[in-house]
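Novice: Taking the UniProt record's numbering, the leading residue of the sequence shown gets 1, the next gets one more, and so forth. The beta-carbon is built from N, C-alpha and C at its ideal position, and this holds for glycine as well. Below you'll find the structure I mean.
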Amino acid sequence: MILSREQQIGRPIMSVDIKLSRNDAQPWGLRLSGGVDFSFPLTVVRVTIGGLADKAGLRAGDVVIKLNGEPMHQLTHADAHNRLVNAGNDFELTVARDRIIRNVPQQ
């Protein structure tokens, strides 16, 4: 059995399904960084307080695992961005989240 880095160091991780929906072109209120072309996974680095992503439950520091059930971990940042843009006004993100709540620096 191969353990992930998080499992090796004993950091508790949970996955959370977040449903996002909008009726118009209102911004989602989130910023992503990372991807296979970066040195870290696709990660939510900013959530606008009171925005759609915030109201849906996304947090800065969440790592995006899936979009509508499709894995996102092998995508470049640009490919992940394009999939999100093309997902329409209703989609579900599965994110990995530390069970420990901490502040994540905003970029």
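From R51 to G29, what distance separates their C-alpha atoms?
Specialist: Position 51 of the sequence shown, counted from the first residue, corresponds to residue 51. Position 29 of the sequence shown, counted from the first residue, corresponds to residue 29. Note that residue 51 corresponds to Gly in the displayed sequence, not to Arg. Cα to Cα, G51 sits roughly 5 Å from G29.
Novice: Specify the secondary structure class of V36 as computed by DSSP and reduced to three states.
Specialist: Translated into positions along the sequence shown, residue 36 becomes position 36. Looking at V36 - three-state DSSP - the assignment turns out to be coil, as it is neither helix nor strand.
Novice: Would you decide whether residue 139 is buried or exposed? Buried here means 16 or more other CB atoms lie within 10 Å of its CB.
Specialist: No information on residue 139 is available, as it lies outside the stretch 1 to 107 that the chain covers here.
Novice: Since F38 and H81 are thought to touch, with beta carbons under 8 Å apart, how far apart are those beta carbons, to the nearest angstrom?
Specialist: Locating residue 38 in the sequence shown gives position 38, counting from the first residue. Locating residue 81 in the sequence shown gives position 81, counting from the first residue. That pair is no contact at about 12 Å.
Novice: Which residues in the same chain have their Cβ closer than 6 Å to the Cβ of A96, if we skip the five residues on either side of it in sequence?
Specialist: Start at 1 with the first residue of the sequence shown, and residue 96 comes out as number 96. The answer, listed in chain order, is I13, S15, V63 and I65.
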